[in-house]
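Numbering (this note's numbering), first residue to last: 59 to 242.
Don't be surprised by glycine CBs; every beta carbon is placed ideally from N, CA and C.
All remarks here apply to the structure that follows.
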Ligand SMILES: Cc1cc2nc3c(=O)[nH]c(=O)nc-3n(C[C@H](O)[C@H](O)[C@H](O)COP(=O)(O)O)c2cc1C
């Protein structure tokens, strides 16, 4: 195993930022698009892989949004947001919502209006509609917690996976008989 234990002089850190990023990139992640309504009512969204379920009672999730992201302030003000869990055929959707031009992110995109007006994307694995709760600032990211107030699931799809800084398809083990849940 390659290691990097070279202490950075004068700090408590025993690794470089590059090593930190490389190790994080080795951990496979699903990909989501988090959507909400901006101040003017227009839909906003961004690609987020830093998502996890946190609590069952109450059902809570969190997302991490880079402090410097241009849409971050609008997400902090939005009372509700939707976490859309992307399926393997939605790489372009992920790219579009990570692109520089955030005004154009919904261009050509189909979406439905969910509870509290949140945009819900079609053809995903599922989605959570959340009411924003606490926001914690940690380092260069906001950690935004949301109470899940509604959700939907589409069992017959495989996930989009991000690993080693590339999009990947899930290699289903033979134990799972190569079928996503719900497919017969
Ligand atoms: C696969 C993938 C995952 C990403 N995950 C995150 C994330 O978890 N948090 C985040 O702040 N940005 C993440 N990004 C980057 C943002 O989507 C992108 O920087 C953002 O949309 C730019 O926003 P801005 O135009 O508001 O600055 C990810 C991008 C990609 C392609």
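Of the residues the options, the one placed nearest residue i, counting alpha carbons only
i	options	result
residue 192	118, 157, 169	118
residue 126	134, 182, 198	198
residue 106	231, 202, 98, 210	202
residue 155	174, 187, 89, 217	89
residue 128	165, 103, 188, 187	103
residue 171	116, 185, 162	185
residue 228	82, 147, 165	147
residue 179	116, 77, 101	101
residue 138	190, 218, 82	190
residue 173	218, 206, 158	206
C-alpha gap between residue i and residue j, whole angstroms
i	j	result
residue 177	residue 75	35 Å
residue 80	residue 208	35 Å
residue 94	residue 131	12 Å
residue 140	residue 85	24 Å
residue 181	residue 212	8 Å
residue 82	residue 222	9 Å
residue 160	residue 73	34 Å
Identity of the residues DSSP links to residue i by a beta bridge
i	result
residue 113	118
residue 139	188
residue 95	101
residue 90	106, 143
residue 177	171
Assumed close pair residue i, residue j - CB separation to whole angstroms, cut-off 8 Å
i	j	result
residue 144	residue 194	Not really, about 25 Å apart at Cβ, beyond 8 Å.
residue 220	residue 87	5 Å
residue 97	residue 135	6 Å
residue 183	residue 217	6 Å
Which runs of the beta strand (DSSP E), 3 residues or longer, sit entirely within the region 193 to 233?
-> 199 to 211, 218 to 221, 224 to 227
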